[in-house]
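Here the structure is laid out as structure tokens; the discussion comes afterwards.
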Amino acid sequence: MTLRVYNYLSRQEETFEPLHPGFVGMYVCGPTVYGDAHIGHAKAYITFDVVHRYLEYLGYRVRYVQNITDVGHLVGDGDEGEDKIGRQARVERVEPMEIVESYTRNYFRDMDVLNVRRPDISPRASGHVPEQIELAQELLTKGHAYASNGNVYFSVPSWPTYGKLSRRKVDDLEEGARLEVAGDKRDPRDFAVWRAATSGHLMQWNSPWGKGFPGWHAECTVMARKYLGLPFDIHGGGLENIFPHNESEIAQSEAAYGGAFARYWLLNNMVTIDGTKMGKSQGNSLTVQQALTGKHDRLSQPYSPMTVRYFILSSHYRQTTDFTDEALSAAARGYERLLGTVGLVRQMLAKQDSHNSTIDAQFSATLVDLKTRFEEAMNNDFNTPQALAALFDFNRAVNTLVNSQQPVSSGTLEAIDNTYRQLGGDVLGIIPAEISTQGAGAAGLEDELVQILITLRTAARKNKDYATSDAIRDQLAAAGVILEDRPDGTVWKINR
RNA sequence: GGCGACGUAGCCAAGUGGUAAGGCAGAGGUCUGCAAAACCUUUAUGCGCCGGUUCGAAUCCGGCCGUCGCCUCCA
132 MTLRVYNYLS RQEETFEPLH PGFVGMYVCG PTVYGDAHIG HAKAYITFDV
182 VHRYLEYLGY RVRYVQNITD VGHLVGDGDE GEDKIGRQAR VERVEPMEIV
232 ESYTRNYFRD MDVLNVRRPD ISPRASGHVP EQIELAQELL TKGHAYASNG
282 NVYFSVPSWP TYGKLSRRKV DDLEEGARLE VAGDKRDPRD FAVWRAATSG
332 HLMQWNSPWG KGFPGWHAEC TVMARKYLGL PFDIHGGGLE NIFPHNESEI
382 AQSEAAYGGA FARYWLLNNM VTIDGTKMGK SQGNSLTVQQ ALTGKHDRLS
432 QPYSPMTVRY FILSSHYRQT TDFTDEALSA AARGYERLLG TVGLVRQMLA
482 KQDSHNSTID AQFSATLVDL KTRFEEAMNN DFNTPQALAA LFDFNRAVNT
532 LVNSQQPVSS GTLEAIDNTY RQLGGDVLGI IPAEISTQGA GAAGLEDELV
582 QILITLRTAA RKNKDYATSD AIRDQLAAAG VILEDRPDGT VWKINR
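Numbered according to the numbering used here, the first sequence spans residues 132 to 627.
This is the structure we're talking about:
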């Protein structure tokens, strides 16, 4: 059983084999930090987080590099736009680097709550200006770039394979009505590797061509090379950046350094909101914070981070994900179902007084079956919906077992819990190590207080004083504590 | 104008040549003092429409209709 991935370079599914056996180098285009993370970021980084986690599950040692774009990304069309960071700095009346710092922190804060593991290296574009200048010089030396009025442009016509990733024909690009001809470009298709700064530009550096700043595509080219070497295994990112960004990264790297850039291109599809494109320019963006707080026109309620994560993983990463309130609330209930079983298993495990390490023979076949199906799904280009389906089938089997009123050995419960932790936790990142809203994981005092009420209620029920027992249950429910009577006693959980 | 993706039950979503996974919602049932949770049964003779290839197609080919996206900043 081997991992197969869809490679946008070949537009085919291919067997994944890293260049150096046992090691994987992965670069993913990171955010431009001039605003809060939105659900498009969430989809992209959850997607590659799962890729990262699954590669490690398979035993690879992964180096995951994801840049922070803090300079060079321009607002608007053409070449006259303002730097995004610079503009936001002007709006908020602070230094550009304050913008970068604060939105970088927000970015990691949001990704942390979504349980996205941090990359191994988060290099900043502004910290790699010398390398980007060297890239421009190398391209000039090789004849694939030219300097003009303090700008350095990559010459697209000089590089015949330009367009190979996005499958655009270079000749067609000329007809694009939107491509404005900058006065100092030789060809409208050329793009800037280095840009001359106007006097008002807040972020600028000295260069052989005067004061300026790097072009947007340059950072990824140099930082991927610096930290992963060429070629490296996986380049990830969002499909909307396939052109011109990814295309230009490849061209610059191959033209400057020779040889291949990235070996496998994995690109996630985009996000829509109620069926239409989400974009900052559309005015309908949904930030991660808005999804978590529910403070958004389109949302009826807040959604937990794990619900958002589960929802994103419930469709394949190369499909578009349509965020609707209805779909999210369905996901919330589905996720609750999964988590409820995990919580129950952990509570039963905590209640076991003697340890019996024997694993039920019949159930161990179920465990093996789950693992097989799960791995088959994930090996099939990270098919998380299929993997989740396997997990839900397993879930049903577990529910049947723990409700069978037959004794279940602690060894079996432990094996079940470990499986949830490994597949649902380590790989998919949707099953927390501690379920804070579940009795078993609750803080001591909270659990003790609820246990006192449960004891009182149990006594009332024994006396058939249902008025009292129901009053306790109803009032606890109003406070957000749900009681469930099981044959072996009452358990509780917090209803979020 | 160029390029591309998608259209599967009320909703979300896998499946890409062998006779429709999974989740949500709905219906009936079991369990329960009543609930909750869970479990069982049930919910697409059919996968946008029309043709074609094939023993066999949701899956391949052609045409049509529809939706969305990229080509311009965006993950």
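The C-beta atom is built at its ideal place from N, Cα and C for all residues, glycine as well. Keep in mind that this is a model prediction, so the values were computed, not measured.
**Item:** Where D601 falls: helix, strand or coil (DSSP)
**Value:** helix
**Message:** Could you compute how far the alpha carbon of S628 sits from the alpha carbon of A461?
**Reply:** Absent from the model: residue 628. The displayed extent of the chain is 132 to 627, so no value can be given.
**Request:** Reducing DSSP to helix, strand and coil, say where K624 ends up.
**Result:** strand
**Prompt:** Taking only runs of the alpha helix (DSSP H) that begin and end inside the segment 162-242, which ones reach a length of at least 4 residues, in chain order?
**Reply:** 170-188 and 215-223
**Request:** Kindly identify the DSSP beta-bridge partner or partners of S279.
**Result:** N282
**Request:** Specify whether the segment 352-365 and the segment 260-267 touch according to this definition: at least 3 beta carbon pairs, one from each stretch, less than 8 Å apart.
**Result:** yes
**Prompt:** Nearest-angstrom Cα distance between G207 and Q582?
**Reply:** Its pLDDT being 45, under 50, G207 is placed unreliably in this model, and the value from its coordinates should be taken loosely. So the two alpha carbons sit approximately 60 Å from each other.
**Item:** Under 7 Å between C-beta atoms of K584 and I603
**Value:** Sequence inspection shows Leu at residue 584; the Lys mentioned does not correspond to that position. Result yes, Cβ atoms of L584 and I603 sit closer than 7 Å.
**Request:** Return the bridge partner residues of G368 from the DSSP annotation.
**Result:** L398
**N- and C-terminal bounds of the beta strand (DSSP E) containing P345** = G343 to P345
**Message:** Rounded to whole angstroms, what is the Cα-Cα separation between E380 and A518?
**Reply:** 33 Å
**Prompt:** What's the call for F179, buried or exposed, on a 16-neighbour Cβ count within 10 Å?
**Reply:** buried
**Contact check, L333 vs A220, beta carbons under 7 Å** = yes
**Prompt:** Given a threshold of 16 other Cβ atoms within 10 Å of its Cβ, counted over all protein chains shown, does E144 qualify as buried or as exposed?
**Reply:** exposed
**Request:** Any chance you could list the alpha helix (DSSP H) runs of at least 4 consecutive residues sitting entirely within the segment 489-570, in chain order?
**Result:** 492-510, 515-533 and 541-550
**Asked** Could you give the C-beta distance for V529 and I547, rounded to a whole number, given that I count them as a contact under 8 Å?
**Response** 6 Å
**Asked** Under the rule that 16 or more other beta-carbon atoms within 10 Å means buried, what is L587, buried or exposed?
**Response** exposed
**Prompt:** CA-CA distance, L522 and T550?
**Reply:** 10 Å
**Asked** Run through DSSP, which three-state label would A610 get?
**Response** coil
**Message:** Within the continuous alpha helix (DSSP H) that includes T586, where are the two ends?
**Reply:** G575 to K593
**Item:** Reference D605, options K593, G156, P618 and N626, closest by Cα
**Value:** N626
**Request:** Write down the C-beta distance between V136 and L361 rounded to the nearest angstrom, noting that I regard them as a contact closer than 8 Å.
**Result:** The pair is not a contact, with the Cβ atoms about 20 Å apart (cut-off 8 Å).
**Message:** Between the alpha carbons of M509 and L296, how many angstroms are there, rounded?
**Reply:** 25 Å
**Item:** I177 beta carbon less than 7 Å from that of V247
**Value:** yes
**Request:** Look at the alpha carbon of P250 and the alpha carbon of P538, and state the distance between them as a whole number of angstroms.
**Result:** 44 Å
**Request:** Counting only the same chain and skipping the five closest in sequence on each side, list residues whose C-beta sits under 6 Å from that of A328.
**Result:** Q335, K342, G343 and F344
**Prompt:** For A391, does the three-state DSSP call read helix, strand or coil?
**Reply:** coil
**Request:** Can you tell me which of T438, N526, D524 and E507 puts its alpha carbon nearest to the alpha carbon of A173?
**Result:** T438
**Message:** Using 8 Å for Cβ pairs, my map puts T451 next to T407. What's the rounded Cβ distance?
**Reply:** So it is not a contact: roughly 11 Å between Cβ atoms.
**Asked** Which partner residues of F363 appear in the DSSP bridge assignment?
**Response** A393
**Request:** Indicate whether Y388 and I365 have their beta-carbon atoms separated by less than 7 Å.
**Result:** no
**Prompt:** For W290, which residues does DSSP report across the bridge?
**Reply:** None; W290 has no bridge partner.
**Message:** For the beta strand (DSSP E) containing M157, name the first residue and the last one.
**Reply:** F154 to V159
**Message:** In the DSSP output, which residue or residues are listed as bridge partners for E615?
**Reply:** V622
**Message:** Which same chain residues end up closer than 6 Å to Y441 when comparing Cβ atoms and leaving out the 5 residues on each side of it in sequence?
**Reply:** A462, Y466 and I561
**Item:** Extent of the continuous alpha helix (DSSP H) to which Y137 belongs
**Value:** Taken as a continuous stretch (DSSP letters only), Y137 belongs to no alpha helix (DSSP H), being part of the beta strand (DSSP E) at R135 to N138.
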